[in-house]
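Just so you know, the numbering used here puts 339 at position 343 of the sequence shown, and the rest follows in order with no gaps. A short worksheet on the structure shown next.
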Amino acid sequence: METIALTRGVPADEALPYARISESLAGALQKNYTVILQYGNIGGYPLLRQFVAEQYKVSPQEILIGNGSLHLQDLFSATVIKPGDTVLVEQPSYDRAIKTFRRRGAKVYGIPLQGDGIDLDLLETELKRQVPAFLYLVPDFQNPTGISTSFEKRQALVALAEKYNFWIIEDVPYRTLRYRGEAIPLLRDIDPKHIVTMSSYSKLISPALRVGYMVAPAELIAKVTRLAEETILSPVLPTQAVVAEFIQRGWLDENVASLKKLYEPRMDAMVNSIRKFLPGVEFTAPEGGFFVSITLPESANYANLLERAQAAKLGLTDGKTFFADNLGDAPVDSSRDRFIRLPFCAITPAQIEEGVSRLASLVK
Ligand SMILES: Cc1ncc(COP(=O)(O)O)c(C=O)c1O
């Protein structure tokens, strides 16, 4: 029996554009090798900084290119988190972000995520108690749930950041991978004053290039850039130049179009398989991205699920890793033990159907 990994929140291997990456590197080096192979301007490869600045309609001084967005989350955290600070996240949230904020000394609390974004009432109650160093959000096709924050909630979040004066990170690596429906404006499009936007080319070209970026007010970018310089000395210009060349040749748009064609049927296969094999299970159907998540009912057989799944050749991620501390020391209930993230991009529709069917028989 074939092993099915419902753990892989990664791009599909068959979608990695290796020939075009190779051509982009050769093309960029030919044009500009004395810059690309030298210690360089720490804000990033100038042409890529310029492209990102044009995309977000800001100046290059408001852009820092880093080694993926997780790297930038870490540098940002090290810059702004002070002893005793809290960081707020959606509950559940991206597991590595939670770990990064904790490692940099923050107490990380989760505000429950609803089908249209974070619970605003609970957020404001918490803001009245303590203003966090920042609020971390993944407003488009969230990792792990696939949920997107509604326009109304985005407006309210921007207004809360202004009223209580804190940063919001909007981390949007999946935003471009919308398979249906209309794009919702970024928080920065509503008002950029308190917003730090992060994203990367990991899901759009290749994660191993390690090219991500941060968009924020120039003063904050300058601080984070100083820390980047002290930490890594010089940006990884060859891969940043690959991305710039890839964009300049018009290949990014083509790549995104082919990714959408590959991933949309996989998303549909996942949603349809959940409805077919796990009827009545709680979940929000996404309109893009890599993930959907389910919460099993209390009556489900979820004890030792990961071990039993492994024995049935089914890979599952521990759902608890996506949860931060509960607000106000509220007791932890079993919902985090019943939470399962189901990534759908790196496996075929047939594997998705087989995987969900195996999962359904394990939790009966
Ligand atoms: C929400 C989110 N942010 C950031 C990252 C990190 O991406 P990278 O550092 O490759 O840009 C991921 C990766 O899965 C993610 O899901």
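The C-beta atom is built at its ideal place from N, Cα and C for all residues, glycine as well. Model, not experiment: these values are computed from the prediction.
With the cut-off set at 8 Å, would you say residue i and residue j are in Cβ contact?
i      : j      : result
Ser202 : Pro169 : no
Phe162 : Leu131 : yes
Ile32  : Pro231 : no
Leu255 : Ala11  : yes
Ser146 : Ala320 : no
Pro345 : Arg262 : yes
Val359 : Asn268 : no
Met266 : Leu60  : no
Trp247 : Arg99  : no
Leu355 : Leu302 : no
Gln347 : Gly40  : no
Gly285 : Phe137 : yes
Arg171 : Ser195 : yes
Arg176 : Glu283 : yes
Tyr29  : Leu229 : no
Lys149 : Ile114 : yes
Leu182 : Thr193 : yes
Leu84  : Tyr105 : yes
Tyr160 : Leu200 : no
Thr3   : Leu312 : yes
Arg334 : Leu292 : yes
Just verifying my parser: in three-state terms, what is the DSSP assignment at residue i?
i       : result
Gln192  : The amino acid at residue 192 is misidentified as Gln; the sequence shows Val. Note: Val192 maps to strand in three-state DSSP.
Tyr259  : helix
Val362  : Nothing can be reported for residue 362, as the shown portion of the chain is limited to -3 through 360.
Phe72   : helix
Met(-3) : coil
Phe47   : helix
Asn28   : helix
Gly5    : coil
Asp136  : coil
Glu278  : strand
Arg174  : strand
Leu21   : helix
Leu323  : helix
Gly284  : strand
Leu33   : coil
Taking the alpha carbon of residue i as the reference point, which residue from the options has its own alpha carbon closest?
i       : options                        : result
Asn322  : Gly101, Lys27, Ile107, Tyr35   : Ile107
Gln69   : Pro88, Gly142, Arg92, Glu86    : Arg92
Ala157  : Ser295, Leu116, Ile290, Lys272 : Leu116
Gln57   : Leu216, Gln110, Leu84, Ile191  : Leu216
Thr(-1) : Ala237, Lys316, Gln306, Gln126 : Gln306
Met(-3) : Gln110, Ser196, Ala308         : Ala308
Ile336  : Leu183, Thr280, Val85          : Thr280
Lys103  : Val127, Pro275, Thr121, Gly111 : Val127
Ala152  : Ile164, Gly142, Leu258, Thr141 : Ile164
Cys341  : Pro327, Pro282, Tyr259         : Tyr259
Asp112  : Asp329, Ser73, Val134          : Val134
Lys378  : Gly324, Arg304, Ser330         : With the chain running from -3 to 360 in the structure shown, residue 378 is simply not present.
Val54   : Gly324, Ala129, Lys189         : Lys189
Ala214  : Pro327, Arg334, Ala49          : Ala49
Asp361  : Asp333, Ile343, Leu109         : A query on residue 361 cannot be resolved here, the shown segment of the chain reaching from -3 to 360 and no further.
Thr121  : Glu349, Ser357, Gly324         : Gly324
Ala326  : Leu43, Ser144, Gln87           : Gln87
Gly64   : Ala218, Lys257, Asp167, Phe273 : Asp167
Can you name the start and end residues of the beta strand (DSSP E) that residue i belongs to?
i      : result
Val288 : 287 to 291
Pro108 : 103 to 110
Ile165 : 163 to 167
Val85  : 82 to 87
Val232 : Run containing Val232: none; DSSP gives neither H nor E here.
Ile59  : 59 to 62
Ile336 : 335 to 339
Val211 : 208 to 211
Leu133 : 130 to 133
What are the boundary residues of the alpha helix (DSSP H) that residue i is part of?
i      : result
Asp91  : 91 to 99
Gly351 : 345 to 359
Arg184 : 183 to 186
Leu364 : For residue 364 there is no data in the structure shown, the boundaries of the chain being -3 and 360.
Tyr160 : 147 to 160
Arg304 : 301 to 307
Using C-beta distances below 8 Å, list every residue in its chain close to residue i, excluding the 5 sequence neighbours before and after it, in chain order.
i      : result
Leu66  : Arg92, Ala93, Thr96, Gly208
Ile270 : Val277, Phe279, Val288, Ile290, Leu338, Val352
Val252 : Thr172, Leu173, Leu200
What residues in its chain sit with their C-beta under 6 Å from that of residue i, if we drop five residues either side in the sequence?
i      : result
Ile180 : Phe147
Leu71  : Val220, Leu223, Ala224
Tyr52  : Val211
Asp264 : none
Ile77  : Arg100, Gly101, Ala102, Ala129
Gly23  : Glu241
Who are the Cβ neighbours of residue i in its own chain at under 7 Å, not counting the five residues just before and after it?
i      : result
Phe47  : Ala240, Ile243
Asn300 : none
Pro79  : Gly101
Near ligand 2, which residues have their beta-carbon closer than 6 Å to a heavy atom? Within the structure as shown, ligand 2 is missing, the only ligands being ligand 1.
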